[in-house]
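With full-length UniProt numbering, you'll find the sequence shown wraps up at 136, consecutive numbering, no jumps.
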Amino acid sequence: MMPDPDDIIVFKQFDSAIDANIVKAKLDAYGIPCFLTEENMANLYPGANNLMIFSVRLHIFANDAERAGQILDEKNLLVYDGSYACPRCLSKNIVRDFPQRYNLKIGSVLTALFFGVFFPHEKIFRCCDCLHEFDE
């Protein structure tokens, strides 16, 4: 069943309120009405994003979803002066993001269970062509 164009949908979920507010500001600048939910919980437990318990949700109208997707399509692509390239394939198509390694997620879960604290991971560079993750 297709959503009604006037229905409000969850368009995207974010790990941090900062990223969500940046995207919200960009959509507002393009005239797309939107709002955020669960922002306070994500701020109270900033490292819980590895468990996907608390995430900031961006809501928009269903009829604005395609246009919003086009606007945000390249939001994570970074433009470099040639100083960064993938060491494996030498591509310059690079994003800066959190690691997607499975052992880090298990480590976060165990740390949260035994110590009650979530520790966020440092961001790394990921090649969009070969999916290789590397540091600076």
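Every residue gets a Cβ at the ideal spot worked out from N, C-alpha and C, and that includes glycine. A quick note: this is a predicted structure, and the numbers were derived from the prediction, not measured.
Taking a 10 Å sphere around the C-beta of LYS24, we find 16 or more other C-beta atoms and assign the residue as buried. When the beta-carbon positions are compared, LYS123 and ARG88 stay at least 8 Å from each other. DSSP lists ARG57 as the bridge partner or partners of GLN13. Secondary structure of ASP73 (DSSP, three-state): coil.
Around the beta carbon of GLU66, a 10 Å sphere encloses fewer than 16 other beta carbons of the protein chains shown; the residue is thus reported as exposed. In the same chain as LEU72, and ignoring 5 residues on each side of it, the C-beta atoms closer than 8 Å to its own belong to LYS12, VAL23, LYS26, LEU27, in chain order.
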